[in-house]
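Data block below; observations after.
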Amino acid sequence: MAIEKTLVLIKPDGQKRKLTGLAIDRLERSELELIAAKVVPVTRKLAEEHYEALKGKPFFENLVRFFLGEFHGIKNCKLLALVYKGENAVAEVRKIVGATNPEEADPKSIRGSFGKINPKNGIMENVIHASGNLEDAQREIALWFKKEDIAE
Ligand code: UDP
Ligand code: MG
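The sequence shown lines up with residues 543 to 694 when you count with my numbering.
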């Protein structure tokens, strides 16, 4: 198995609902190593770049607004970004985080325990982001972190 790096973000709902510590606690039960952590101001440009693969989806605009904190009363939204490293890190973190749809996610996962679907706009407010595959992980880590901010 390969040593991988993966990106985690605490989304605005997770921040607002004070689930940051809980999410880190669950991730810390893995064998993975935390190698970077940073609070990053989120601009529309960064949000759109982060989710560039979803451009064109009907929910894209509301997803960006969610990410900017607009549905949680957060102004000048800043998100905690983390990088975890270890064997199979991408899949390991995804397992702890759970499936995209919180209603379908394993109830033991972070999203399954705490995520919900916003009844007004259908956006899946699922507490935490985790890179979906190795290619996304590499792209996303480069988007959120400078090389020198990663402790390797
Ligand atoms: N999302 C949503 N509705 C959908 C699909 C996705 O609200 O039908 C949101 C959800 O917050 C999700 C994010 O868009 O986490 C990114 O979607 P992706 O398919 O990449 O899911 P993820 O990789 O986050 O599990
Ligand atoms: Mg994804």
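We put the CB at the ideal spot given by N, CA and C, even for glycine.
Where P583 is concerned, the enclosing beta strand (DSSP E) starts and stops at 575–583. Note that the C-beta distance between E645 and G657 is below 9 angstroms. T562 has no beta-bridge partner at all, per DSSP. The closest CA to that of N604, considering only L621, E667, P649, is found on E667. Within the DSSP bridge table, the entry for K658 names E667 as partners.
DSSP links K547 through a beta bridge to K627.
Contact between A589 and V669 does not hold, since their C-beta atoms are separated by about 17 angstroms, which reaches or exceeds 8 angstroms. Checking the 8 angstroms criterion, the Cβ of S651 is out of range of every heavy atom belonging to the ligand MG. Annotated three-state conformation of K617 is coil, per DSSP. Distances between the C-beta of D555 and the heavy atoms of the ligand MG are all 8 angstroms or more. Short note on A595: C-beta closer than 8 angstroms to some heavy atom of the ligand MG. Here M543 has E629, N630 as same chain residues with Cβ atoms under 6 angstroms from its own Cβ, once five neighbours each way along the sequence are excluded. Rounded to whole angstroms, the gap between the alpha carbons of H592 and P554 is 15 angstroms.
Secondary structure note for E646: it is in no alpha helix (DSSP H), with a DSSP letter that is neither H nor E. Distance check between A579 and each of L610, L624, G611 places L624 closest, using alpha-carbon atoms only.
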